[in-house]
Amino acid sequence: MSTVQTSDLGVIPATLVESQRRRSAAPTGDETVATGPPPVEIRDLTVAYHERPVLWDVDLTVRPGKLTAIVGPNGAGKSTLIKAALGLVPVAAGWVKIFGEPFAEQRRLVAYIPQRGSVDWDFPTDALDVVTMGRYGTLGWFRRPGKRERQIAMDKLRQVGMADFARRQISELSGGQQQRVFLARALAQEADLYFMDEPFAGVDATTERAIVELLQELRSQGKTVVAVHHDLNTVDDYFDDVALLNVRLVAYGPVDDVFTHANLHATYGGRIGFLSGGPAETSAAVAD
Amino acid sequence: MSIALVIMITGALVGASCAIVGTFLVLRRMSMMGDAISHSVLLGIVAVFFFTGSRSPILAVLGAGAVGLLTVSLVELIYRTGRVKEDAAIGLVFPALFSIGVILVSRFPSAVHIDVDHVLYGEITFVAFDRLTLFGVDAGYRSFWLLGAMTIVNALFVLLFFKELKLATFDRGFAAALGFAPTVIHYALMALVSATTVVAFDSVGAILVVAMLIVPAAAAYLLTDRLLVMLGLAVAIGSGSAIGGYWLARWIDGSIAAAMAVVAGVVFVACFLFAPRHGLVARYVQLFTVRRAFARSLLLSHLRLHPGGVSMETIGERFLWSRRMTSNVVTAAVQDGLVTDSPARRLTLTKLGSVQAQQVPGH
Ligand SMILES: Nc1ncnc2c1ncn2[C@@H]1O[C@H](COP(=O)(O)OP(=O)(O)O)[C@@H](O)[C@H]1O
Ligand SMILES: [Mg+2]
Numbered sequence: 239m240s241t242v243q244t245s246d247l248g249v250i251p252a253t254l255v256e257s258q259r260r261r262s263a264a265p266t267g268d269e270t271v272a273t274g275p276p277p278v279e280i281r282d283l284t285v286a287y288h289e290r291p292v293l294w295d296v297d298l299t300v301r302p303g304k305l306t307a308i309v310g311p312n313g314a315g316k317s318t319l320i321k322a323a324l325g326l327v328p329v330a331a332g333w334v335k336i337f338g339e340p341f342a343e344q345r346r347l348v349a350y351i352p353q354r355g356s357v358d359w360d361f362p363t364d365a366l367d368v369v370t371m372g373r374y375g376t377l378g379w380f381r382r383p384g385k386r387e388r389q390i391a392m393d394k395l396r397q398v399g400m401a402d403f404a405r406r407q408i409s410e411l412s413g414g415q416q417q418r419v420f421l422a423r424a425l426a427q428e429a430d431l432y433f434m435d436e437p438f439a440g441v442d443a444t445t446e447r448a449i450v451e452l453l454q455e456l457r458s459q460g461k462t463v464v465a466v467h468h469d470l471n472t473v474d475d476y477f478d479d480v481a482l483l484n485v486r487l488v489a490y491g492p493v494d495d496v497f498t499h500a501n502l503h504a505t506y507g508g509r510i511g512f513l514s515g516g517p518a519e520t521s522a523a524v525a526d
Numbered sequence: 002m003s004i005a006l007v008i009m010i011t012g013a014l015v016g017a018s019c020a021i022v023g024t025f026l027v028l029r030r031m032s033m034m035g036d037a038i039s040h041s042v043l044l045g046i047v048a049v050f051f052f053t054g055s056r057s058p059i060l061a062v063l064g065a066g067a068v069g070l071l072t073v074s075l076v077e078l079i080y081r082t083g084r085v086k087e088d089a090a091i092g093l094v095f096p097a098l099f100s101i102g103v104i105l106v107s108r109f110p111s112a113v114h115i116d117v118d119h120v121l122y123g124e125i126t127f128v129a130f131d132r133l134t135l136f137g138v139d140a141g142y143r144s145f146w147l148l149g150a151m152t153i154v155n156a157l158f159v160l161l162f163f164k165e166l167k168l169a170t171f172d173r174g175f176a177a178a179l180g181f182a183p184t185v186i187h188y189a190l191m192a193l194v195s196a197t198t199v200v201a202f203d204s205v206g207a208i209l210v211v212a213m214l215i216v217p218a219a220a221a222y223l224l225t226d227r228l229l230v231m232l233g234l235a236v237a238i239g240s241g242s243a244i245g246g247y248w249l250a251r252w253i254d255g256s257i258a259a260a261m262a263v264v265a266g267v268v269f270v271a272c273f274l275f276a277p278r279h280g281l282v283a284r285y286v287q288l289f290t291v292r293r294a295f296a297r298s299l300l301l302s303h304l305r306l307h308p309g310g311v312s313m314e315t316i317g318e319r320f321l322w323s324r325r326m327t328s329n330v331v332t333a334a335v336q337d338g339l340v341t342d343s344p345a346r347r348l349t350l351t352k353l354g355s356v357q358a359q360q361v362p363g364h
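These protein sequence lines are chains L and R, in that order.
Taken in order, the first sequence gives residues 239 to 526; the numbers are from the working numbering.
Taken in order, the second sequence gives residues 2 to 364; the numbers are from the working numbering.
Here it is in structure tokens:
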């Protein structure tokens, strides 16, 4: 494809943007499109830090009951996209709706896993206590977590295989275990939509498999997951849909349709050399 | 009531009220902000005297609270421009506000009735002579009323919003996503830090306030893995240091406020060295134990590969261990019945040793 050479530095071929817009406007895929508003609907979203735009005019409509990956180079605005959806960063233009309403009215329906590195793991608390925090939203102001909350938290810890570590100080957990604790906390929110920022970052192989199984379980329960993912080699294994992001949304749709070499090139510029030989390369080559 | 008792109770109240809010400053890595606030509030106090001519403690607390929040907002404003780091922003803001306060004090001493020494070092000895008159009736020591009220307000705030404070401190983004307004909590906490600073300030001065905000909480942090326990320990260490400081000052015949800070510092150093799990010594022992266990597993797997026996020298050369290290590792293994040292000075595994060698990871 001739667009590959011209698409360095994120210059997006017009045709690609067009096809993407059509796709996001009317999600394709399953015929049995669930009725009701989409889990996430993003329109013309622009976010800037210090007047420098980090997200530019992003449109995205997430399909319900699907696992969606957000993929893009470092600093592409992936975390910012999630934070904007959750109202954590000011939006310069555009809007986001969660199940048809502004996020502030739908908090209880949404679970969030921040990047693991965004919190201080030396905080004086243990795994069970962190997972219990997932219940705080339902508790609201002033009400203290009690037996019931801890019971739920314990169940979720068990679900991620961390029951034995409930009373362990969180700094004494490995990276993978910390990530499982975060996952359990999100599960404790008992939400319908899950935003996860790099859930697979720095985890061991066992944890990675456990997380994948959990994602599939969530999907089988009809939940929607939007996860930032950094490993291009596993995108097609783990996810149904993918959003390729580099300040702008380069492409979005079912992995089989949009996870192409051309789109990756448009997203990563010249920086996808490390891909060669990987499964993504092969699938991309086929798609080309 | 004896003067000694009044001073000790005052000091203990300073320690308690500061430790409660200080715990969250330490956990939020905002010690510098505590320092900044405790200095810049001077401007608030002075400005209130200057413009209203009133020495009302309530007005002073309000004025100081406002300047405290101004400090925090200015720091954030400068930091948010993305041009300087947060500590630099703090370093820009508080000396400016503090020096305006100092200029006002030194230029118009008669208007503000305080002197700079008093601001920096406090004069806790005077608290016993400073009584509060309410409706023409003597109501007891002023410091008890002010510091007691501050301690209660701080304790109520922290206990009432314990869950929210914990969440906003540990994971601000998550707290915001749940709708717990971490920014509001942040400013409320900063307002309390400012108010506490002013109230404590009057008795013990700006420098001891900084010590009392940060040091007991930092020591308590080393002693426990539970937030509530940390709060309790910080309060105990803060009050205890104040009382201990009084006796130290009596003994060495020195400044009471300084002695209180010194005792808190000594407690911190003791915790830093000897805290059960996070102290330097405990860490060292832990590291030592891990190294020894690793050395032992190396020894066992090596002997397993060489059933004919290996000499002590070969072991040392193989793993680049010093003579002493080799001897220590081998002797310990022999004592635990894992290895036998034959008369020919060749080491072999015992039955128990072979079993353990099989459990060494990677074999
Ligand atoms: N709080 C912030 N203040 C200023 N710049 C920020 C902030 N957060 C992120 N950025 C910048 O915005 C860009 C996008 O960041 P982010 O969304 O974290 O990217 P990603 O998650 O894709 O790696 C980066 O250049 C980053 O440096
Ligand atoms: Mg990120």
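Beta carbons are placed, not taken as given, at the ideal position from N, Cα and C, and that holds for glycine.
Here the structure is a predicted model, which is why all the values come from computation and not from measurement.
Note on the stretch 183–265 of chain R: there is no whole beta strand (DSSP E) run with a minimum of 3 residues. For L/Arg346, there is no enclosing beta strand (DSSP E), since its DSSP letter is neither H nor E.
Closer than 8 Å to some heavy atom of ligand 2: that describes the Cβ of L/Gln353. With respect to the 9 Å criterion, R/Ala262 and R/Val216 are classified as neighbours on the basis of their beta carbons. In this structure, the straight-line span from the alpha carbon of R/Thr198 to that of R/Ser39 is close to 6 Å. Using a CB distance cut-off of 9 Å, L/Thr444 does not count as an interface residue toward chain R. Just so you know, the alpha carbons of R/Ser343 and L/Asn471 end up roughly 56 Å apart. When secondary structure is reduced to three states using DSSP, R/Gly310 falls in the coil class, being assigned neither helix nor strand. Considering only R/Val211, R/Asp172 and R/Val194, the residue with the shortest C-alpha distance to R/Gly69 is R/Val194.
Close partners of R/Met231 in chain L (Cβ separation under 8 Å): Pro362. Within chain R, the residues whose beta carbon sits less than 7 Å from that of L/Arg382 are Lys164, listed in sequence order. In this structure R/Val94 is buried. Its beta-carbon is surrounded by 16 or more other beta-carbon atoms within 10 angstroms. Not a single C-beta of chain L is nearer than 9 Å to the C-beta of R/Asp88. Spatial neighbours of L/Gly303 in its own chain (CB-CB distance under 8 Å, excluding positions within 5 residues in sequence) are listed in chain order as Ala272, Arg457, Gly460, Lys461 and Thr462. The C-beta distance from R/Ala221 to R/Ala13 rounds to 16 Å, too long to meet the 8 Å contact threshold. Across the stretch 300–326 of chain L, CB contacts with chain R closer than 9 Å involve Lys321, Leu324, Gly325 and Leu326, in sequence order along the chain. The nearest non-hydrogen atom of ligand 2 is less than 8 Å from the C-beta of L/Asp435. Nearest C-alpha to L/Lys335 among L/Ala429, L/Ala314, L/Arg281 and L/Leu366: L/Arg281.
Under DSSP, the beta-bridge partners assigned to L/Lys335 are L/Glu279.
Within chain L, the residues Met371 and Tyr374 have their CB atoms less than 7 Å from the CB of R/Leu168, given in chain order. The C-beta distance from R/Ile10 to R/Phe145 rounds to 7 Å, short enough to fall under 8 Å.
By the rule that beta-carbons nearer than 9 Å mark a contact, R/Arg284 does not touch chain L.
Shortest gap from the CB of R/Val47 to any heavy atom of ligand 2: 8 Å or more. Per the Cβ contact rule, the stretch 279–298 of chain L is in contact with the stretch 485–504 of chain L (3 or more Cβ pairs under 8 Å). Every residue with a CB closer than 5 Å to a heavy atom of ligand 1 is listed here in chain order: L/Tyr287, L/Val292, L/Asn312, L/Gly313, L/Ala314, L/Gly315, L/Lys316, L/Ser317 and L/Thr318.
Neighbours of L/Arg345 across chain R, judged by C-beta separation under 9 Å: Ala178, Leu179 and Gly180. For L/Arg345, same chain residues with a beta-carbon under 7 Å away, outside a window of 5 residues either side, are Gly375 in chain order. Here R/Ile4 is exposed. Its C-beta has fewer than 16 other C-beta atoms within 10 Å.
Going by C-alpha positions, L/Leu502 is about 12 Å away from L/Asp495. Here DSSP, grouped into helix, strand and coil, assigns L/Gln427 to coil. Shown here, L/Gln353 sits in coil according to DSSP, grouped into three states, outside any helix or strand. Looking at the DSSP output, L/Tyr432 bridges to L/Ala349 and L/Val463. Annotation: R/Thr11 has no Cβ neighbours in chain L at a cutoff of 7 Å; minimum Cβ distance is about 29 Å. Interface annotation, L/Leu411: not in contact with chain R, CB-CB separation never under 9 Å. According to the DSSP assignment, R/Thr82 belongs to no alpha helix (DSSP H), since it is labelled neither H nor E.
Excluding five sequence positions before and after L/Gly372, the CB atoms of its chain that fall closer than 6 Å to its own CB belong to Arg423, Ala426 and Gln427, given in chain order.
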